[in-house]
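Chemist: Sending over a structure as structure tokens; questions will come in a sec.
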Ligand SMILES: *Cc1c(COP(=O)(O)O)cnc(C)c1O
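In our numbering, the protein residues as written are 790 to 1179.
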């Protein structure tokens, strides 16, 4: 039997050991951990809705009306009016014929890819895709082919090399660890040319980009072809929990019949769906929040450029600083923490070896002076941690 303790020790030596932080209160730009307050730049609560009083009120109201647990899977007796109403809202909002709720984004990706592909089929994935999309192809038993990040020529070459079977192209809409956007209109054209499905995971674009926050895919493809599939999550900009897939009538019916991660699991609490409906309305009315995010991002990028910090080419609220080794990224994270600032170090295998980073994210609830505090602390860290060219 493999010795778990020595494997864990080895992980620590490589500075790849991960630990949880226990938040004593709500998710927000200021969080309390171990009796101390921290200014946080590492949630995906981009619009600050996770602790919005109107979303909290909707959750309470939902619990009063629908109870807590759903009590069963959607296809048994767990599908409530709250779920249905949210699906209808999401279909209307994204301009797709139908939407289907999943308990999590991870399960939604597994559910779509396993329902549409299997042995003998091929799934093409951007090299920097989220782990759930990679795992989805592996679980499906399809051949997994990875193309160069955002590179249409690389994708076309790989498509030309494969034979029969169903083809599915999957990509993050906004890349979760890099913050840049996938060329979705180019991808749709390539998918159409090759009679392939296109699955876009817009976890980080939904609520943040596009008109009324409809997301990166909908912003780019207003009249989507029936082969394009949108997946987005409700646990990020919407500040709640869960995920959905939107697409054609036939696609959604197929998922209901065949997605094992939809069928064989308890429906999420209906009150959470009720809260997500309230959050969706706040997203639609939240242009001022998106404008504010934009200003915070610009302020950070201008300041970081002045300090010669290793910014990446992102204009979304995900603003990573590329530091290289896991050790350097961790040293930065620890040095910031000593200064009361929370930014997680993202290390392999979440990102490639040598591409460890600080994943800085912004929320509309940050103040401009929060950004200045972060920049000041980063400049002190850069002076104190020698191992990096900045
Ligand atoms: C967070 C995330 C997921 C998973 O969504 P959950 O609802 O947290 O399971 C999937 N894809 C991407 C790109 C993500 O960032």
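Idealized CB from N, CA, C, for every residue including glycine.
Which residues end up in the neighbourhood of ligand 1 when you take C-beta atoms closer than 5 angstroms to any of its heavy atoms?
Modeler: Qualifying residues, in the order they occur: 893, 894, 895, 919, 921, 961, 965, 990, 992, 1022, 1024, 1032.
Chemist: Across which residues does DSSP place residue 1020 in a beta bridge pair?
Modeler: For residue 1020, which the question treats as bridged, DSSP gives the partners 990, 1034.
Chemist: Taking the straight line between their C-alpha atoms, what separation do you get for residue 977 and residue 957?
Modeler: Those two C-alpha atoms are separated by around 11 angstroms.
Chemist: Out of curiosity, what's the CA-to-CA distance linking residue 1104 and residue 1086?
Modeler: Going by the C-alpha atoms only, they are around 7 angstroms apart.
Chemist: Any idea what DSSP makes of residue 870, helix, strand or coil?
Modeler: Note: residue 870 maps to helix in three-state DSSP.
Chemist: Please confirm whether residue 922 has its beta-carbon closer than 8 angstroms to some beta-carbon of chain B.
Modeler: Going by chain labels, chain B is absent from the structure shown, which holds only one protein chain.
Chemist: Using DSSP's beta-bridge definition, name the partner residues of residue 1029.
Modeler: Bridge partners of residue 1029: none, in fact.
Chemist: Find the nearest neighbour of residue 998 within the set 795, 980, 962, judged by alpha-carbon distance.
Modeler: It is 962 whose Cα lies nearest to the Cα of residue 998.
Chemist: Does DSSP classify residue 914 as helix, strand or coil?
Modeler: Strand, per DSSP.
Chemist: Report the residue ranges of all alpha helix (DSSP H) runs contained in full by the stretch 927-990; include only those spanning at least 4 residues, in chain order.
Modeler: Listed in chain order, they are 941-950, 973-982.
Chemist: Hey, residue 964 and residue 933 are a contact pair by Cβ (cut 8 angstroms); roughly how many whole angstroms apart?
Modeler: Not quite, the Cβ-Cβ distance comes to about 18 angstroms (not below 8 angstroms), so this is no contact.
Chemist: Taking 8 angstroms as the limit between beta carbons, can you name the residues of its chain near residue 974, skipping five residues before and five after?
Modeler: Closer than 8 angstroms at the Cβ level, and outside the excluded window around residue 974, lie 1009, 1010.
Chemist: Indicate whether residue 945 and residue 979 have their beta-carbon atoms separated by less than 8 angstroms.
Modeler: Yes.
Chemist: For residue 823, does the count of other Cβ atoms within 10 angstroms reach 16, so buried, or fall short, so exposed?
Modeler: Residue 823 comes out exposed.
Chemist: Between which two residues does the beta strand (DSSP E) holding residue 1109 run?
Modeler: Taken as a continuous stretch (DSSP letters only), the beta strand (DSSP E) holding residue 1109 covers 1107-1113.
Chemist: Using the three-state DSSP reduction, which class does residue 1146 fall into: helix, strand or coil?
Modeler: Of the three classes helix, strand and coil, the one that applies to residue 1146 here is strand, per DSSP.
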